[in-house]
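The structure under discussion appears below in the form of structure tokens.
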Amino acid sequence: MERSFFARNPSALIFILLLAAFTLGVTLLSEGFGMDVVSTSMVKTLGKTLCLCLVAVAMDLVWGYCGILSLGHFAFFGLGGYMIGMWLMYERTKAIVISATAGGPLPATPEEIREGIGVQIFGVVGGSEIPPIWYFADSLTIQLALVVLVPGLLALIFGWLAFRSRVAGVYLSILTQAMTLALSLYLFQNDSGLRGNNGLSGLQNLPGAENVPQTLISIYFLWASALALGLGYLLAAWVAGGKFGSVIRGIRDDEARVRFLGYHVEGYKLFVFTLTAVIAAIAGALYYPQAGIINPAEIAPIASIYLAVWVAIGGRGRLYGAVIGAALVSLVSTWFTGGQAPDIPLGFYTVQWVDWWLILLGLSFVLVTLFAPKGIGGLFDLIAGRGSPERHGADLGPDPGALREKEAEE
Amino acid sequence: MTRIFLIGLRAALFWFLAAFAVQAQSPIQDLLQENRAAVEKASRKTIDDVIGALLASGLPETREVLARWREKELWQRDEDGLFFFAEAVDGNTYRLIDIATGEAVGEYDKKLVSQLKPNSGVRSVIATALVRFQLTDPDPAKRAEGLTAIERGPEASHLEALRASIEGENDSGLLARKQRLERLLTIAYDDDSALRVAAIESFSTDLGVDARAALNPLLATTRKAAPALPEGVNIANVLKPGSSALPRSEAYALLVAADLAPPLVTAAQKKEALIANIADGTVAGMPIHTLGTAEARARAYAALADQGLAPPDVTEDGIDAALGAHVFFDQYNEPDAAITAAAEEALSSVSTRVGVNQALDLALDGLSLASIYFLAAIGLAITFGVMGVINMAHGEFIMMGAYTGYVVQQFVPNYTASIIVALPLAFAVTFAAGVAMERLVIRWLYNRPLETLLATFGISIALQQLAKNIFGTQARPLTSPGWLDGALVLNDVVSISYIRIAIFVLGIIFLFLLLFVLNKTRLGLEMRAVTQNPRMAASMGINPDRVNMLTFGLGSGIAGIAGVAIGLYAKVTSELGSDYIVQSFMTVVVGGVGNIWGTLLGAALIGFLQKGIEWMNPSNTLAAQTYMIIFIIIFIQFRPKGIIALKGRAAGD
Numbered sequence: 007m008e009r010s011f012f013a014r015n016p017s018a019l020i021f022i023l024l025l026a027a028f029t030l031g032v033t034l035l036s037e038g039f040g041m042d043v044v045s046t047s048m049v050k051t052l053g054k055t056l057c058l059c060l061v062a063v064a065m066d067l068v069w070g071y072c073g074i075l076s077l078g079h080f081a082f083f084g085l086g087g088y089m090i091g092m093w094l095m096y097e098r099t100k101a102i103v104i105s106a107t108a109g110g111p112l113p114a115t116p117e118e119i120r121e122g123i124g125v126q127i128f129g130v131v132g133g134s135e136i137p138p139i140w141y142f143a144d145s146l147t148i149q150l151a152l153v154v155l156v157p158g159l160l161a162l163i164f165g166w167l168a169f170r171s172r173v174a175g176v177y178l179s180i181l182t183q184a185m186t187l188a189l190s191l192y193l194f195q196n197d198s199g200l201r202g203n204n205g206l207s208g209l210q211n212l213p214g215a216e217n218v219p220q221t222l223i224s225i226y227f228l229w230a231s232a233l234a235l236g237l238g239y240l241l242a243a244w245v246a247g248g249k250f251g252s253v254i255r256g257i258r259d260d261e262a263r264v265r266f267l268g269y270h271v272e273g274y275k276l277f278v279f280t281l282t283a284v285i286a287a288i289a290g291a292l293y294y295p296q297a298g299i300i301n302p303a304e305i306a307p308i309a310s311i312y313l314a315v316w317v318a319i320g321g322r323g324r325l326y327g328a329v330i331g332a333a334l335v336s337l338v339s340t341w342f343t344g345g346q347a348p349d350i351p352l353g354f355y356t357v358q359w360v361d362w363w364l365i366l367l368g369l370s371f372v373l374v375t376l377f378a379p380k381g382i383g384g385l386f387d388l389i390a391g392r393g394s395p396e397r398h399g400a401d402l403g404p405d406p407g408a409l410r411e412k413e414a415e416e
Numbered sequence: 236m237t238r239i240f241l242i243g244l245r246a247a248l249f250w251f252l253a254a255f256a257v258q259a260q261s262p263i264q265d266l267l268q269e270n271r272a273a274v275e276k277a278s279r280k281t282i283d284d285v286i287g288a289l290l291a292s293g294l295p296e297t298r299e300v301l302a303r304w305r306e307k308e309l310w311q312r313d314e315d316g317l318f319f320f321a322e323a324v325d326g327n328t329y330r331l332i333d334i335a336t337g338e339a340v341g342e343y344d345k346k347l348v349s350q351l352k353p354n355s356g357v358r359s360v361i362a363t364a365l366v367r368f369q370l371t372d373p374d375p376a377k378r379a380e381g382l383t384a385i386e387r388g389p390e391a392s393h394l395e396a397l398r399a400s401i402e403g404e405n406d407s408g409l410l411a412r413k414q415r416l417e418r419l420l421t422i423a424y425d426d427d428s429a430l431r432v433a434a435i436e437s438f439s440t441d442l443g444v445d446a447r448a449a450l451n452p453l454l455a456t457t458r459k460a461a462p463a464l465p466e467g468v469n470i471a472n473v474l475k476p477g478s479s480a481l482p483r484s485e486a487y488a489l490l491v492a493a494d495l496a497p498p499l500v501t502a503a504q505k506k507e508a509l510i511a512n513i514a515d516g517t518v519a520g521m522p523i524h525t526l527g528t529a530e531a532r533a534r535a536y537a538a539l540a541d542q543g544l545a546p547p548d549v550t551e552d553g554i555d556a557a558l559g560a561h562v563f564f565d566q567y568n569e570p571d572a573a574i575t576a577a578a579e580e581a582l583s584s585v586s587t588r589v590g591v592n593q594a595l596d597l598a599l600d601g602l603s604l605a606s607i608y609f610l611a612a613i614g615l616a617i618t619f620g621v622m623g624v625i626n627m628a629h630g631e632f633i634m635m636g637a638y639t640g641y642v643v644q645q646f647v648p649n650y651t652a653s654i655i656v657a658l659p660l661a662f663a664v665t666f667a668a669g670v671a672m673e674r675l676v677i678r679w680l681y682n683r684p685l686e687t688l689l690a691t692f693g694i695s696i697a698l699q700q701l702a703k704n705i706f707g708t709q710a711r712p713l714t715s716p717g718w719l720d721g722a723l724v725l726n727d728v729v730s731i732s733y734i735r736i737a738i739f740v741l742g743i744i745f746l747f748l749l750l751f752v753l754n755k756t757r758l759g760l761e762m763r764a765v766t767q768n769p770r771m772a773a774s775m776g777i778n779p780d781r782v783n784m785l786t787f788g789l790g791s792g793i794a795g796i797a798g799v800a801i802g803l804y805a806k807v808t809s810e811l812g813s814d815y816i817v818q819s820f821m822t823v824v825v826g827g828v829g830n831i832w833g834t835l836l837g838a839a840l841i842g843f844l845q846k847g848i849e850w851m852n853p854s855n856t857l858a859a860q861t862y863m864i865i866f867i868i869i870f871i872q873f874r875p876k877g878i879i880a881l882k883g884r885a886a887g888d
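Residue numbers (the working numbering), protein chains in the order written: chain V, 7 to 416; chain B, 236 to 888.
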């Protein structure tokens, strides 16, 4: 008889329990539920961090398991944010316009309301017409569908083009980076229809929930983010486990050999690439209402590289590693760049962490890559007493670069 | 009798003294006094003689007198009628200055002196005289100055002065300028149609911006509507309403503007009328709350119009009828058809030539952009192309080179010398940085290219932040030597700045230098051997560690030199390198990995492509980059290995 899912993935069960405990703890300590130990802005930061953990899980699935170092997953994250942001901004502006015209002697016509919305939203980029891509912006259902469809379709087309022409390894990384750059440059234009470098703002105000205080909304978003992360984690664990998972790890270690075994490598890669893009987009759609603002700078290639950094520091090839990396690095980064870290006076020079944090991050990243390829997640192996086999200098795996050796047990 | 005699004697004495006083003045004052009446009460009719006399005298002060006179700065002393320049001491006193000597004569009360106030007609005659004066000045520099002044602000009055000055011009360069300017002014201001046509035709092969600026206004048109085509006007073309050149709404607006049709009632006006007619919560019998749609409002307004409470709206049929009853046409502002025809022909001939030259200019732009990309990418062509190492910190090496140049300029003030010092120094600095990075990081990761990418990215963000900490976030200048300023101007359309030529030349030098190193030297041979098969190379007695180190150092060093070159025309910031990194990788990938010629072709493709797209949509360089990247993604579909793909064993798979 086959063992149950959690029996095969004990880490998933532990993770879900920890996540539930964390969410419950934050909820009880939050401002909205009386205790007021954790401030609303802190709840938002934690909720955002959960979203970042979710996109890191997606990144781990596509990179750590399938070996595709995508430098474009933050673009999908941002696109998801844009899609939900369009609805949030449109509906909120509509409410404002309707209340502004309500006092007039004649009831406003739909055309007048639409024009008012256009002026409100696109006045900053010198326009008043609502671009065609906002056609569905008044429908939450369709925009929610677009959160999945637009990044999914982009990933599908891009992946199909890239994988069918056998672009792999670092070439694929550069190509995905170019795609991200192209997308962010496009969004930076004023006539892209998404307000250029102003981006979309005021996303923290939920239309129809004007009377609910932010203290509660932040908690609801924390729940939603935690739920999404839990489900995303289980999905990723389910995909990475089992036969499918074995195939994609095989692709990671030696693509040609898997192809010779008769597997349709491109199909597997395309599926993983698109699936993770959709997960990233959902994470983005939950992240940006908590952040309140999205602009093209969020999509710049550097963001996607940071995503890879989180996963690498946390430890790729294990899902909880990605979560640990994303949570730790993004929270520590907030702490350092927010000016909360104490300066270090050296007598002749004072180290201010706002200036030196990136240097510390960059160097620690180099050190992790060189000396701890398993990342922070590798610590769990030490605790569990799982060591790598002593190979006496010989390669384990099809070639010296293969990652199989990292998963091998003594 | 005696009294009469005495009075006569006194008068004679006075006149004698006065005459003596006059005699004692400078020649210019004498001349002005001779024409005193005409100067005091100058009018267009009488002024010509005065100016003629002044010009004929050839006195050196003439020009200044005319200029001051025109500026209303010539004053007259009431007691003896002499003319002076004057400046205000305070509100009521003026200091008079002798015209000839420029010395102050004394301070006078405002009531004792009077200002000469020539009217505008006189002033323009004086101005023309001044121009002529300047155009015939013995000093060629002054003449050139005068011509430049006319070129900046031509006036009808200049034409005659210019024509008069052509005769007797002995400087051939100035003569050519004068003749050209005379033709330009003829086009604009002459009354003789034949002369103007001849002048227009003479410009049909001219690329000058000024020639096009003179021709274009001749073809300016005004769009008009009329019940029938008017006779005797110079019509450019007749338009059909509803066509793309003249949409219906525009055509109707023309009719309204010409009072040939009643104006349309706008939505805002309708709304106002509706609001104005609200009575007991209804408008024209319709309750207000039903007026929330455009159709309901239109019905209510129609009802209002029927009751005579608002002007009736124009129906679609009404618009059609009005449009059908009128003709629409573009009318030339220039009434003479012969002139517009000649101008049309000359301009079309010019525009063909301009098009050819613009293409040439675009090609030069593309070439210079390509050489910048090539220079930025050529270091990568070695580290990434030949060695297969992804170095995300390559852009930061470019930045280090640029900052090296900046630091050198702080110590070596001479720009030429500083660049000569900076180039090898930048190479040395980045070579050392490259070697250090290879020894410390990259050599442990040769088998794991993706991790090389990440580790070098870590170095990249650290270096970038370090540069920010040291040099600050603001841009630092890297000034090019004086002889690189300016541009090589072929004509008004085609020009290229010297600095871009220098970058192009630098790119070419590096191309051949690298080809030489890779193909003709021992190091190049070892490099190729080690990259193809390190174990076999090691068996042949090559030390792969050393060769890898040197190769990586070479690639990094070239990035440093590229940094100096790029820093010369762009501002040096800590983000300088990251602006180029994606394009550089694209260049190498598109060109084909492992081949310097491929990198050259890749840079050329990307450079020309980007300029081409920018040309199609000049307002938007962001869009150009977007489309270029999309093109590259598609290009890789068809040639995944780049333009020049390695074949056989060298390809490595």
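Note that beta-carbon positions come from the ideal geometry of N, C-alpha and C, so glycine has one too.
Q. Is the beta carbon of B/Ala859 sitting closer than 8 Å to the one on B/Glu849?
A. yes
**Q.** Span separating the alpha-carbon of V/Leu385 from that of V/Asp66
**A.** 18 Å
Q) What's the gap between the Cα of V/Met92 and the Cα of B/Ala657? A) 51 Å
Q. Within 10 angstroms of its Cβ, does B/Pro889 collect 16 or more other Cβ (buried), or is it exposed?
A. The first residue shown for chain B is 236 and the last is 888, placing residue 889 of chain B beyond what the model contains.
Q: Can you give me, in chain order, the residues of the segment 809-836 of chain B that have a beta carbon less than 7 Å from any beta carbon in chain V?
A: So the close ones are Val817, Phe820, Met821, Val824.
**Q.** Interface residues of chain B facing V/Arg120 [CB-CB closer than 9 Å]
**A.** Simply none; closest approach about 11 Å.
Q) If you measure from the beta carbon of V/Ile51 to each beta carbon in chain B, is any gap under 8 Å? A) According to the sequence displayed, residue 51 of chain V carries Thr and not Ile. Not one chain B Cβ lies under 8 Å of V/Thr51.
Q: Compare the Cα-Cα distances from B/Leu746 to each of B/Leu410, B/Leu675, B/Ser606 and report the closest residue.
A: Checked all of B/Leu410, B/Leu675, B/Ser606; the closest Cα to B/Leu746 is B/Ser606.
(Q) Considering only their Cβ atoms, is the gap separating B/Val444 from B/Val562 smaller than 8 Å? (A) no
Q: Report the partner residues of B/Glu322 according to the DSSP bridge assignment.
A: The beta-bridge partner set that DSSP reports for B/Glu322 consists of B/Arg330.
Q: Run down chain V in chain order and give the residues with a C-beta less than 9 Å from the C-beta of B/Pro482.
A: Within 9 Å Cβ-Cβ: nothing; B/Pro482 doesn't reach chain V, min ~17 Å.
Q | Min CB distance B/Ile871 to chain V below 8 Å | A | At a cut-off of 8 Å, the C-beta of B/Ile871 has a neighbouring C-beta in chain V.
**Q.** Assigned exposure category for V/Arg9 - 16 Cβ within 10 Å defines buried
**A.** exposed
Q: Have a look at B/Ala254 and B/Ala376 and give me their C-alpha separation to the nearest angstrom.
A: Because B/Ala254 sits at a pLDDT of 49, beneath the cut-off of 50, its placement in the model cannot be relied upon, and the following sentence gives the value as read from the coordinates. Whole-angstrom Cα-Cα distance: 41 Å.
Q: With 8 Å as the threshold, decide whether the Cβ of V/Leu376 is near any Cβ in chain B.
A: At a cut-off of 8 Å between beta carbons, V/Leu376 contacts chain B.
Q: Output the distance between the C-alpha atoms of V/Tyr294 and V/Gly87, rounded to the nearest integer angstrom.
A: 5 Å
Q: Out of B/Ala661, B/Ala628, B/His629, B/Ile625, state which residue places its alpha-carbon closest to the alpha-carbon of B/Tyr641.
A: B/Ala661
**Q.** Residues that V/Glu117 contacts on chain B, provided the C-beta gap is smaller than 7 Å
**A.** Ala529
Q: Put B/Asp344 into one of helix, strand or coil per three-state DSSP.
A: strand
**Q.** Where the alpha helix (DSSP H) through B/Leu698 begins and ends
**A.** 684-706
Q: Measuring alpha carbon to alpha carbon, tell me which of V/Leu237, V/Phe11, V/Ile20, V/Val61 ends up nearest V/Val329.
A: V/Val61
(Q) Going by DSSP in three states, V/Asp66 sits in which element: helix, strand or coil? (A) DSSP places V/Asp66 in helix when its eight states are reduced to three.
Q: Report the residues of the segment 150-182 of chain V with a CB closer than 7 Å to any CB of chain B, ordered along the chain.
A: Leu167, Ser171, Arg172, Val173, Gly175, Val176, Tyr177, Ser179, Ile180, Leu181
Q. What residues in the segment 314-331 of chain V bring their beta carbon closer than 8 Å to a beta carbon of chain B?
A. Residues of the segment 314-331 of chain V whose Cβ lies closer than 8 Å to any Cβ of chain B, in chain order: Ala314, Val315, Ala318.
Q) Can you tell me whether DSSP reads V/Tyr312 as helix, strand or coil? A) helix
**Q.** Nearest to B/Gly601 (by Cα), restricted to the options B/Arg683, B/Gln644, B/Val729, B/Asp565
**A.** B/Val729
Q.
Rounding to the nearest angstrom, what Cα-Cα distance links B/Pro522 and B/Ala461 in this structure?
A. 44 Å
Q) If you draw a straight line from the alpha carbon of V/Ser198 to that of V/Tyr192, how long is it in whole angstroms? A) One alpha carbon belongs to V/Ser198, the other to V/Tyr192, and they sit about 7 Å apart.
Q) By Cβ distance, which residues of its chain are closer than 6 Å to B/Leu289, with the 5 residues on each side in sequence left out? A) Annotation for B/Leu289: Thr297 place their beta carbon closer than 6 Å to its own, counting only its chain and skipping 5 residues before and after.
Q) Among residues of its own chain, excluding the 5 on either side of B/Ala434, which ones have a beta-carbon nearer than 7 Å to its beta-carbon? A) Arg418, Thr421, Ile422
Q | Enclosing beta strand (DSSP E) for B/Ser730 [first to last residue] | A | 730-732
(Q) So if DSSP puts B/Thr363 in a beta bridge, which residue, or which two residues, is it bridged to? (A) In DSSP, B/Thr363 forms no bridge with anything.
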